[in-house]
Amino acid sequence: MKALISTIVKPLVDYPDEVEVTEKDESNKTVYHLTVHADDVGKVIGKNGRIAKSIRTIVYAASSDTKKRIYLDIM
Amino acid sequence: MKQVTASGQTTTDAVQTALEQLNTTEDQVSIEIIDEGKKGMFGIFGAKRAIVKVTIKEDPIEEATAYLKQIARQFSEDVSVTVKQSNKSVSFDLSGEKIAMIIGKRGQTLNALQHLVQVMLNRKANDHYRIVVDAEGYRKRRQDTLEQLANRLADKAIKIKKHVTLEPMPSYERKIIHSILSNNSKIETYSDGAEPHRHVVIKPVD
Numbered sequence: 001m002k003a004l005i006s007t008i009v010k011p012l013v014d015y016p017d018e019v020e021v022t023e024k025d026e027s028n029k030t031v032y033h034l035t036v037h038a039d040d041v042g043k044v045i046g047k048n049g050r051i052a053k054s055i056r057t058i059v060y061a062a063s064s065d066t067k068k069r070i071y072l073d074i075m
Numbered sequence: 001m002k003q004v005t006a007s008g009q010t011t012t013d014a015v016q017t018a019l020e021q022l023n024t025t026e027d028q029v030s031i032e033i034i035d036e037g038k039k040g041m042f043g044i045f046g047a048k049r050a051i052v053k054v055t056i057k058e059d060p061i062e063e064a065t066a067y068l069k070q071i072a073r074q075f076s077e078d079v080s081v082t083v084k085q086s087n088k089s090v091s092f093d094l095s096g097e098k099i100a101m102i103i104g105k106r107g108q109t110l111n112a113l114q115h116l117v118q119v120m121l122n123r124k125a126n127d128h129y130r131i132v133v134d135a136e137g138y139r140k141r142r143q144d145t146l147e148q149l150a151n152r153l154a155d156k157a158i159k160i161k162k163h164v165t166l167e168p169m170p171s172y173e174r175k176i177i178h179s180i181l182s183n184n185s186k187i188e189t190y191s192d193g194a195e196p197h198r199h200v201v202i203k204p205v206d
């Protein structure tokens, strides 16, 4: 799942090397925390959060066969 | 970006070395000459090697295809992507197992995928491309469904003489509805609300 998130995000930013995804297990969900270079924040969020929404839609859809709920946290 | 800097006795030699290192051919790269080099006296004194920088040209559409494939692979192992390009519009057609997962409810996953590929492609390319990501004819099926829905709701609006509101849809789906109902003189259509809740309203004309 971490790989998927960085695959999606890397081509969208100016500093692909600074894309970082961390995974944290919580009781009923897995939280993925995405951080990017300060100048790239707008690029992963997009106008009215449209890009962030698209990223989440895909990540949630791809995780449908894992049992735990997942949550994607940006910044 | 893949690039190497190579040197040789002449620029041609240097380019050749670089091409071998990159394992490619001359028509797929752009070459920047850093130093022409000098032959020098008797080929010994004051000779300077030629230095060139060779960069592999990137095709934004190929990159977008690779991007789409990488994401689709997370859903199922065997997904294939067919690319069709005509002028400034590019269509990607996905097919394979578990395609329903990639389409999602009312195509929401497919639309998200299309949006990301659009953003990515227009970032890489200098031109603006219009793209469509389709999966096993989903867009065509959806259009047929929308046509039926539009005609049915138009009849309903005429019958009950009241406005009929449709559910929120992305802009190109609303466009389909508007264009189907544009030649029906008994009703008018307009869109209301702000994205992402913008929806079509069918209004009967008296």
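These protein sequences, in sequence, are chains A and B. All residue numbers for the first sequence refer to the UniProt record's numbering, where the first residue is 1 and numbers rise by one. All residue numbers for the second sequence refer to the UniProt record's numbering, where the first residue is 1 and numbers rise by one. A virtual CB, placed ideally from N, CA and C, is assigned to each residue, including glycine.
- For B/LEU166, there is no enclosing beta strand (DSSP E), as DSSP marks it with neither H nor E.
- Taking a beta-carbon distance threshold of 8 Å, A/PRO11 counts as an interface residue toward chain B.
- CA-to-CA, the gap between B/PHE92 and B/ALA18 works out to about 34 Å.
- Neighbours of B/LEU68 in chain A, taken as residues at a C-beta separation under 8 Å, are lacking, since the least C-beta distance is about 11 Å.
- Taking a contact as a CB-CB distance under 8 Å, the pair A/GLU18 and A/HIS37 counts as one, their CB atoms being some 4 Å apart.
- Taking 8 Å as the threshold, the shortest C-beta distance from B/VAL119 to chain A falls below it.
- DSSP places B/LYS39 outside any beta strand (DSSP E), giving it a letter other than H or E.
- Beta-carbon to beta-carbon, B/LEU113 and B/ILE71 are separated by about 7 Å, close enough to satisfy the 8 Å threshold.
- The C-alpha of B/ILE56 is placed about 40 Å away from the C-alpha of B/ARG106.
- In this chain, the beta strand (DSSP E) harbouring B/SER91 covers 89-96.
- At a cut-off of 8 Å between beta carbons, A/ALA52 makes no contact with chain B.
- One finds ILE71 and GLN74 in chain B with Cβ atoms closer than 8 Å to the Cβ of A/LEU4, taken in chain order.
- Against chain B, a Cβ distance below 8 Å from A/SER64 picks out MET101.
- Between B/ILE180 and B/ALA157, the gap from beta carbon to beta carbon reaches 8 Å or more.
- Contact of B/GLY104 with chain A is assigned, a C-beta pair being separated by under 8 Å.
- Look at B/PRO196 here: in three-state DSSP terms it is coil, with no helix or strand label.
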